[in-house]
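Colleague: Numbering-wise (the numbering used here), the sequence shown opens with residue 361 and increments by one. Encoded as structure tokens, here's the structure I'll be asking about.
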Amino acid sequence: MLVAYDSMTGNVKRFIHKLNMPAVQIDEALVLDEDFILITYTTGFGNVPERVLDFLERNNEKLKGVSASGNR
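As structure tokens, this is what we get:
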């Protein structure tokens, strides 16, 4: 299954590379036509980053699971 991810500090990106799964970093225009799992960082106290929210508005129908990283 495809992994869509976003990484602010590089921690999520390093984790993704260890998975050895097909992956794509999200951006403002990305639209996926296959099922995917989202892995992202959080901001503040577990808030979803704006770029991720925008991505999910365009791609929520194919989303099958979410994992988030953070230090709080």
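Positions of the beta carbon are idealized from the N, C-alpha and C atoms, including for glycine. Bear in mind the structure is a predicted one, so any value in this text is a computation, not a measurement.
Going by beta carbon distance, what residues of the same chain come within less than 6 Å of H377, once the five residues before and after it are set aside?
Modeller: What you label residue 377 is simply residue 17 of the sequence shown in a count that begins at 1. Around H377: no qualifying Cβ.
Colleague: Give the straight-line distance between the Cα atoms of E388 and D366, rounded to the nearest whole angstrom.
Modeller: For the purposes of this step, residue 388 is taken as residue 28 along the sequence shown, with counting starting at 1. For the purposes of this step, residue 366 is taken as residue 6 along the sequence shown, with counting starting at 1. So the two alpha carbons sit approximately 11 Å from each other.
Colleague: Could you tell me whether any Cβ in chain D is nearer than 9 Å to the Cβ of E394?
Modeller: The structure shown has no chain D; it contains just one protein chain.
Colleague: Which residues bound the beta strand (DSSP E) around L362?
Modeller: Taking the sequence shown and counting its residues from 1, one reaches residue 362 at position 2. DSSP places L362 in the uninterrupted beta strand (DSSP E) bounded by L362 to Y365.
Colleague: Report the three-state DSSP secondary structure of F405 (helix, strand or coil).
Modeller: Within the sequence shown, numbered from 1, the residue matching residue 405 stands at position 45. Three-state DSSP puts F405 in coil, outside helix and strand.
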